[in-house]
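So the structure is just underneath, and the comments pick up after that.
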Amino acid sequence: MTQTYNADAIEVLTGLEPVRRRPGMYTDTTRPNHLGQEVIDNSVDEALAGHAKRVDVILHADQSLEVIDDGRGMPVDIHPEEGVPAVELILCRLHAGGKFSNKNYQFLWRPAWRGDFGS
0 MTQTYNADAI EVLTGLEPVR RRPGMYTDTT RPNHLGQEVI DNSVDEALAG
50 HAKRVDVILH ADQSLEVIDD GRGMPVDIHP EEGVPAVELI LCRLHAGGKF
100 SNKNYQFLWR PAWRGDFGS
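First residue of the sequence shown? That's 0 in numbering that gives the first Met the number 0, and the numbers climb one at a time after it.
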């Protein structure tokens, strides 16, 4: 183990390598409540940005979770550079989303890099 922690110690992972090495940072399949937290966080972000007035979180008797908000939802139009629906990018492509700059949100409830779906 190295005693020095400097720039040489920093790794830059690309593609799916971060998920392969540390899958728990993205979702823990033994405790899928992380997925529910991501959906709740996205709804709260919409409300804080002024795009939603209501966020309802319902835990059903069967332990399923329902999150309802009156926000903008995910865009479904075709992405100009990728040529696929934006919702497909958000849900299927790692590190794709609208929260990496201040263009869409001035404030986020939590950091978007935490393992978000990217929306």
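Here a beta-carbon is modelled for each residue, glycine too, at the ideal position from N, C-alpha and C. Computed from a predicted structure; not experimentally measured.
Between residue i and residue j, how many whole angstroms is the CB-CB distance? I'm expecting something under 8 Å.
i	j	result
residue 65	residue 57	4 Å
Which value, in whole angstroms, describes the spacing of the CA atoms of residue i and residue j?
i	j	result
residue 52	residue 37	19 Å
residue 81	residue 62	37 Å
residue 77	residue 31	30 Å
residue 21	residue 35	19 Å
residue 42	residue 50	9 Å
residue 6	residue 85	35 Å
residue 13	residue 83	22 Å
residue 15	residue 25	11 Å
With DSSP as the reference, identify every bridge partner of residue i, one or two as the case may be.
i	result
residue 65	57
residue 84	77
Short check: CB of residue i to CB of residue j, under 8 Å?
i	j	result
residue 54	residue 40	no
residue 93	residue 11	no
So does the region 83–94 actually touch the region 65–74, counting three or more Cβ pairs closer than 8 Å? yes
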